[in-house]
Amino acid sequence: MTDKREITLTVNGTERTVEAEPRKLLVHAIREDLDLTGTHIGCDTGNCGACTVLKDGEPIKSCLTFAVQADGSEIMTVEGMEDLPEASGELHPLQEGFREEHGLQCGYCTPGMIMSGKALLDENPDPEEGEIREAISGNLCRCTGYQNIVKSIEYAADELNKEPAAADGGTVTAEQRFADDDFDCGVENCCGGPSTETPHVEGADPQFDDVGGDDT
Amino acid sequence: MSSESDNTTEPTEYQHDDDGGPQPEKHCGHGRGGMGEEVTRKEDKRFITGRGNYVDDIKKPRMLHCEIVRSPHAHARIEDIDGSRAMALDDVVAVLTADDLLEHGLATMPTLMDDTQDVLVNDKVKFQSQEVAAVIATDRYAAKDGAEKVEVEYDVLDPVIGAEEALEDDAPVIREELDDQDDNHIFDWETGDAEATDAVFDAADVTVEEQMEYQRLHPAPIETCGCVADWDPGDDKMTVHMTSQAPHAHRTLFSQVSGIPEHKVRIVSPDVGGGFGNKVPIYPGYVVAAAASYVLERPVKWVEERSENIQTTGFARDYDMTGELAATENGEIKGVKVDVLADHGAYNAAAQPSKFPAGFFNIFTGSYDIEAAHGSLTAAYTNTAPGGVAYRCSFRVTEAVYLIERMVKVLADELDLDPAEIRRRNFIPSDAFPYESATGWNYDSGDYEKALDKALEMADYDHYREEQQRRIEEDADKLIGIGISSFTEVVGAGPGKQCDIAGIEMFDSADLRVNPTGNAVLRVGVQTQGQGHETTFAQIIAEELGMDVDNIVVEHGDTDTEPYGLGTYGSRSTPVAGAAAAVAARKVRDKAKSIAANELEAAEEDIEWDRESGEFHVAGAPERSITITEIAAGAYMNHPGSEEPGLEATNYYDPPEMTYPFGSYIVIVEVDRETGEVDFEKFVAVDDCGNRINPMIIEGQIHGGLAQGIGTAMMEHVTYDDNGNVTGGDFMNYLLPTAKEIPNFDTGHTVTPSPHHPIGAKGVGESPTVGSPPAIVNAVVDAMSHSGVSHVEMPMTPDAVWEALDEAELTLEPSANVDFAFDTSEEPADD
Ligand code: FES
Ligand code: FES
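In structure tokens, the structure reads:
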């Protein structure tokens, strides 16, 4: 209908060109022209944040931006997270946080939440709970009740802050973390559990041992 | 071991000694990932890396886009539709109207309650945003351009908004196309014993009555509904990738509607971005896309926008209820009565088992041992979107629980009794199970007092009662309110003889195949929308077969490969498909014993399975043991002559009974007398869902449901104006709670296994949405009940609370630093 324009975006570090009508939303360019479908659409009014990406480091709702407005800018989407140096070739601590702290259920809001979390931690590496809640208040989640999303971002903040502590320069493994946190699964010779001569039996269920911590 | 048709004898073999005490903080990966372990989710990696595959992510060669033209009017006759200007656009491929669909017999479709809904309006529009025409174009922008160019002439009629208005004698008739329909009345429904209940009420020391509206809500998953329909003329096969909570049932319905034989219909439900009951019905958009694909022989994508989702697809609730209780003066409840006016919208399109027009609403005696009960309900058509879906709810249980838990608070206030104490006096005693209620439900197990006691302790109840009193005495600016809800749910429909969807019995299924190298694929008939089935079902198999959870993959959602099942809603996945998975695993275990006997050169009767180690061994000789991995190899490479090769089993599980999860929630709020704002001080949720598969996932489900309960109680309402315009139909006006409105929750649990479920589990996903709204309303009312407030309607927005405070003469003049951003004189919009 209208003339298409050629726009250039640096997406997750790679330069990409898109032919787009001036009215095309950035979110559609990302999803449909660049085939990066991790960025989602959940509303038509700019309320849900499922479409959140970073534009030149700032979190934006890509459904409220025309693709042409992003011409020449650097865009980061969830697909770029694993390539960041903090990810050490694996998952980024934010992604790991969402998995470890059960910060997602259906996963639809998750990429947007991760991008909002990233924008927050870039600015404020050690946020208070209230600051995290504020930072993700433009992202709706219908599944999780947010509590575990807050914990996921706190997990990432902790990991990123102690990153240099990993001796080999890689990320801190889950095992190291359990050790660090005095985590105790209750099984002998396992995760800080009592040490005995008998090695830990594969298959024993730690559930039934009396261990520290209460889920209440 | 039971046969497929003999599930009733399946014992709760798994015994769990979890007394609700401490749990491991996190699964460390050192168990095998069986029951009770906090295994991190297998499905997470694809979602956190952006590799999920939702319907709108699907792109097919030559794919077209469908945009639906919708009516701006709520009630109007269509005089003419002219699609020629749209067709003139380069990228528009087709404009479809009811006439085009009539040719293919697709102009109407059946609803789940056996009503008939227009796919595209044939004659008369019955609600705003109803589907009038469809434009198919090469891209989504072109489809929208086309939709704008379709010209529709309407003869606008008076709309009927509100069930009460709809039933007035002179109300315009909405469904005049139906034979014998000369008013807007749909059905009457009755339950219980009217006479016995009246007798109890006549003899009672005290009776109380309260009217309360459970407002119209929308499940509003963050992913809207949509599909990609793809007719393959080469194979005469229709494949539809769709946002479906029940792909198999949808396949049968699709086949019935379209006339395409069922084996030539394939429904695939890929990753689903939340469902909550919204994705149970079939919507016109799916049918239009399929019809367009059939006609054009190209794939057609239809994905709703948010406003279309809220304005046209299955709403929930909309019950206007009047409850009454009869009791002795010391608070013993003798009888309960309820009368309901239900707004079903323009079609009867509720989503519940077909023999239950009011769902399971007659569970309204709740957790209490009540002698007599009676309920009546009248349902009406209105010029609003059709619905009445079970939004994170087992078919109207939410409305029932709200009613009884609110009424108990009303009674407690009337008798000046502590609301915890009055509950205690009326609970069904823990030794009375199985218990048959006055309305005929068979409760499987429960220990209500234990859950309440735990919640009271966690909430520091006595302290807050004192604090509440102190604030009243000191005439403090902020009042404390404490709300309790001790709910019982009924979930896990079937049994099939009682419960069916469009005639199909509500069983579910699991198909377990162990590979030669010792890992396994489990296929189930239910469909996750975020519940974590890929993990929890694998844990059931890990528990029952001694396999490591990482060696089990769970598949769902593709009708070409999965066994037939009725889908995920009504918290039925664990109670029904979870049972099927456990039974299938036990069948495999039985066969594994014969292979073990062969491998260990022992008699089959001498082979024992040890749940702890997950290994098979010869009785009395634990060192002569064999793992499931070795057995799997034996099944394919050295199978005993007495058995078929291979190692697999299927189970279709028809539950003997439903399950009855329960819990006690305590909400402590601070109500600001200047602004009407409500702050959550403490939110305690103690749940009992029987034996627990994955505590981490359970807790996540509870958090999410509680947040939805807060949305219900405080924010959400699909509103209409008098002309039938939806005034709460997008995320600007239908407010979902954000991270700032939701507090942290304190969760706890007790464990009362279901005696008839193979692993003693009950299902949990819906308890928090069902149980929390009355706790929240009770808390806000409780803050004002010393001044005579007995009820506040949901959603309890600051202005609604302020009105209640004002009526009770509790408001304070705003101090200088309070900014009144809202106009308190304005009435909330009419529903
Ligand atoms: S899709 Fe962008 S805010 Fe909802
Ligand atoms: S995980 Fe489903 S919307 Fe957030």
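Respectively, the protein sequence lines represent chains W and Z. Per our numbering, the very first residue in the first sequence carries number 63; after that it's consecutive. Per our numbering, the very first residue in the second sequence carries number 653; after that it's consecutive. Each residue gets a CB set at the ideal place from its N, CA and C atoms; glycine is no exception.
Point to revise | Coil, strand or helix - serine 910 (chain Z) by DSSP | key: DSSP places serine 910 (chain Z) in helix when its eight states are reduced to three.
Practice item. Specify the secondary structure class of tyrosine 938 (chain Z) as computed by DSSP and reduced to three states. Key: DSSP places tyrosine 938 (chain Z) within a helical segment (H, G or I) once states are collapsed to three.
Review point. Between the Cα of valine 990 (chain Z) and the Cα atoms of Z:Glu984, Z:Gln963 and Z:Ala1025, which residue gives the shortest distance?
Key: The alpha carbon of valine 990 (chain Z) has as its nearest neighbour, out of Z:Glu984, Z:Gln963 and Z:Ala1025, the alpha carbon of Z:Ala1025.
Exercise for review: Determine the DSSP secondary structure at arginine 204 (chain W), reduced to helix, strand or coil.
Suggested key: The three-state secondary structure of arginine 204 (chain W), taken from DSSP, is coil.
Exercise for review: Just list the alpha helix (DSSP H) runs in the segment 1060 to 1099 of chain Z, keeping only unbroken ones of 4 residues or longer that don't cross its boundaries, in chain order.
Suggested key: As far as the segment 1060 to 1099 of chain Z is concerned, its whole alpha helix (DSSP H) runs of at least 4 residues are 1071 to 1078.
Check your understanding: Around the C-beta of lysine 66 (chain W), are 16 or more other C-beta atoms found within 10 angstroms, so that it is buried, or is it exposed?
Key -> It is exposed - the Cβ of lysine 66 (chain W) has fewer than 16 other Cβ atoms within 10 Å.
Exercise for review: Report whether the distance from the Cβ of isoleucine 103 (chain W) to the nearest heavy atom of ligand 1 is below 8 Å.
Suggested key: Correct: isoleucine 103 (chain W) has its Cβ closer than 8 Å to ligand 1.
Review point. If you count every other CB in all the chains shown that lies within 10 Å of the CB of aspartate 834 (chain Z), and 16 or more means buried, which is it?
Key: Its Cβ having fewer than 16 others within 10 Å, aspartate 834 (chain Z) is exposed.
Point to revise | Under the three-state DSSP convention, the category alanine 82 (chain W) falls into | key: Strand at alanine 82 (chain W).
Review point. Under a CB-based cut-off of 9 Å, is glycine 169 (chain W) close to chain Z?
Key: Any Cβ of chain Z closer than 9 Å to the Cβ of glycine 169 (chain W) would place that residue at the interface, and such an atom is present.
Check your understanding: Would you say the segment 1250 to 1261 of chain Z touches the segment 1201 to 1216 of chain Z, given that touching needs at least three Cβ pairs under 8 Å?
Key -> Too few Cβ pairs lie closer than 8 Å, so no.
Practice item. Please find out if some non-hydrogen atom of ligand 2 comes closer than 8 Å to the beta-carbon of isoleucine 874 (chain Z). Key: Correct: isoleucine 874 (chain Z) has its Cβ closer than 8 Å to ligand 2.
Check your understanding: What residue range is occupied by the uninterrupted alpha helix (DSSP H) comprising phenylalanine 1189 (chain Z)?
Key -> Phenylalanine 1189 (chain Z) -> alpha helix (DSSP H) spans 1185 to 1197.
Review point. Considering threonine 974 (chain Z), what are the terminal residues of the beta strand (DSSP E) in which it resides?
Key: Bounds of the beta strand (DSSP E) holding threonine 974 (chain Z) are 967 to 979.
Point to revise | Distance CB(proline 1147 (chain Z))-CB(aspartate 887 (chain Z)) smaller than 9 Å | key: No, the pair does not count as a contact, with Cβ atoms beyond the cut-off.
**Study point:** Collapsed DSSP secondary structure at isoleucine 1015 (chain Z) in the structure displayed
**Key:** For isoleucine 1015 (chain Z), the three-state secondary structure derived from DSSP is helix.
Point to revise | Rounded straight-line distance, which links the Cα of threonine 964 (chain Z) to that of cysteine 877 (chain Z) | key: Roughly 11 Å separates the two Cα atoms.
**Study point:** Residue burial classification, lysine 1106 (chain Z) (beta-carbon count within 10 angstroms, cutoff 16)
**Key:** Within a 10 Å sphere around the beta-carbon of lysine 1106 (chain Z) sit 16 or more other beta-carbons, which makes this residue buried.
Exercise for review: Please report the residue range of the alpha helix (DSSP H) in which alanine 799 (chain Z) lies.
Suggested key: For alanine 799 (chain Z), the enclosing alpha helix (DSSP H) starts and ends at 792 to 801.
Practice item. Consider the C-beta atom of valine 804 (chain Z) and the heavy atoms of ligand 1; say whether any pair is separated by less than 8 Å. Key: It does not: the Cβ of valine 804 (chain Z) is nowhere closer than 8 Å to a heavy atom of ligand 1.
Check your understanding: Closest by CA to phenylalanine 1085 (chain Z), which one among Z:Gly1098, Z:Arg1076, Z:Gly1092 and Z:Arg1077?
Key -> Comparing Cα-Cα distances from phenylalanine 1085 (chain Z) to each of Z:Gly1098, Z:Arg1076, Z:Gly1092 and Z:Arg1077, the minimum goes to Z:Gly1098.
Exercise for review: Count the C-beta pairs between the segment 1189 to 1204 of chain Z and the segment 1259 to 1275 of chain Z that are closer than 8 Å, then say yes if the count reaches three, no if not.
Suggested key: Short answer: they touch.
Check your understanding: Shorter than 9 Å from the beta carbon of glycine 1182 (chain Z) to some beta carbon of chain W?
Key -> Interface with chain W (9 Å Cβ-Cβ cutoff): glycine 1182 (chain Z) is included.
Review point. In angstroms, rounded to a whole number, what distance separates the CA positions of isoleucine 1134 (chain Z) and asparagine 1430 (chain Z)?
Key: Straight-line measurement puts the Cα of asparagine 1430 (chain Z) at about 7 Å from the Cα of isoleucine 1134 (chain Z).
Point to revise | C-beta neighbour in chain W for arginine 1241 (chain Z), strict 9 Å | key: So no, arginine 1241 (chain Z) is outside the interface.
**Study point:** Backbone CA spacing between glycine 844 (chain Z) and alanine 1090 (chain Z) [nearest angstrom]
**Key:** Spanning the two alpha carbons is a distance of roughly 7 Å.
Review point. So who's on the other strand from histidine 1026 (chain Z), going by DSSP bridges?
Key: DSSP output for histidine 1026 (chain Z) lists Z:Gly844 and Z:Lys989 as bridge partner(s).
Review point. Relative to ligand 2, is the shortest distance from any of its heavy atoms to the C-beta of glycine 686 (chain Z) smaller than 8 Å?
Key: For ligand 2, not one heavy atom lies less than 8 Å from the Cβ of glycine 686 (chain Z).
Check your understanding: Comparing alpha-carbon positions, which option in Z:Arg1075, Z:Met765 and Z:Thr904 lies nearest methionine 890 (chain Z)?
Key -> Checking every option, the nearest Cα to that of methionine 890 (chain Z) belongs to Z:Thr904.
Practice item. Would you check whether ligand 1 has a heavy atom nearer than 8 Å to the C-beta of alanine 181 (chain W)? Key: Checking the Cβ of alanine 181 (chain W) against ligand 1 gives no.
Review point. In chain order, what residues of the same chain have a beta carbon less than 6 Å from the beta carbon of aspartate 1500 (chain Z), not counting five sequence neighbours either side?
Key: This structure gives no information on residue 1500 (chain Z), because the portion of chain Z shown stretches from 653 to 1483.
Practice item. Consider the Cβ of aspartate 696 (chain Z): report whether some Cβ of chain W lies at a distance smaller than 9 Å. Key: By this cut-off, aspartate 696 (chain Z) is an interface position.
Exercise for review: Kindly indicate if chain W contains any beta-carbon less than 9 Å away from that of isoleucine 1193 (chain Z).
Suggested key: Judged by the 9 Å Cβ criterion, isoleucine 1193 (chain Z) is not in contact with chain W.
Check your understanding: Between which two residues does the beta strand (DSSP E) containing isoleucine 1132 (chain Z) stretch?
Key -> It spans 1130 to 1140 - the beta strand (DSSP E) in which isoleucine 1132 (chain Z) sits, taken as one unbroken run.
Practice item. Can you tell me which of Z:Glu875, Z:Ile919 and Z:Asn1000 puts its alpha carbon nearest to the alpha carbon of valine 955 (chain Z)? Key: For valine 955 (chain Z), the nearest C-alpha among the options comes from Z:Glu875.
Point to revise | 8 Å CB neighbourhood of glutamate 1459 (chain Z) in its chain, flanking five on each side removed | key: Excluding sequence neighbours, glutamate 1459 (chain Z) sits near Val1441.
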